[in-house]
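These notes concern the structure reproduced below.
In our numbering, the protein residues as written are 1426 to 1575.
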């Protein structure tokens, strides 16, 4: 019973991380659209565009893994251990990457207390530990994968 409950909690931790990542992306998009660098909008810089592309990819992949875990549970699966661990692991690690890139986009302001990206940077760390650290999730995924592929 306790392990089945962890399946649900892991999915919700992943969903929280997804929300953090989306918030960081929104902040970064606003920043690059309004900040001028070298006589043009920061959004015109190809390196910034590459960062935004990577961030968007991480966000969408996280959402899909979270939705798959929820869909599998909603469709009657007794346990979603592997799906929940994948969703939690990927979403929290991806959120860390997205938030880190948002901080980079903000430059020095990204680490100033009071900026949303600075707060997200501090808060995402806890989500990477809740309901099992990332290393634990990898072990769970491997164990479940081995069970399913005897």
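Where a beta carbon is used, it is the ideal one built from N, C-alpha and C, also for glycine. Here the structure is a predicted model, which is why all the values come from computation and not from measurement.
*Examine the Cβ distances between the segment 1484-1496 and the segment 1505-1514 and report whether three or more of them are shorter than 8 Å.*
Yes, the segment 1484-1496 touches the segment 1505-1514.
*Specify, as a first and last residue, the run of the alpha helix (DSSP H) that residue 1507 falls within.*
1506-1531
*Identify, in the order they occur along the chain, each residue of the same chain with its Cβ nearer than 8 Å to the Cβ of residue 1562, setting aside the five sequence neighbours on each side.*
If we look at residue 1562 and ignore the five residues flanking it on each side, its Cβ neighbours are 1435, 1510, 1511, 1513 and 1514.
*Excluding the 5 residues preceding and the 5 following residue 1536 in the sequence, name in chain order all residues of the same chain whose CB lies nearer than 8 Å to its CB.*
1528, 1543 and 1546, listed in sequence order.
_Of the listed residues 1533, 1558 and 1541, nearest to residue 1438 (C-alpha basis)_ = 1558
*Is the number of C-beta pairs between the segment 1564-1573 and the segment 1547-1555 that are closer than 8 Å three or more?*
no
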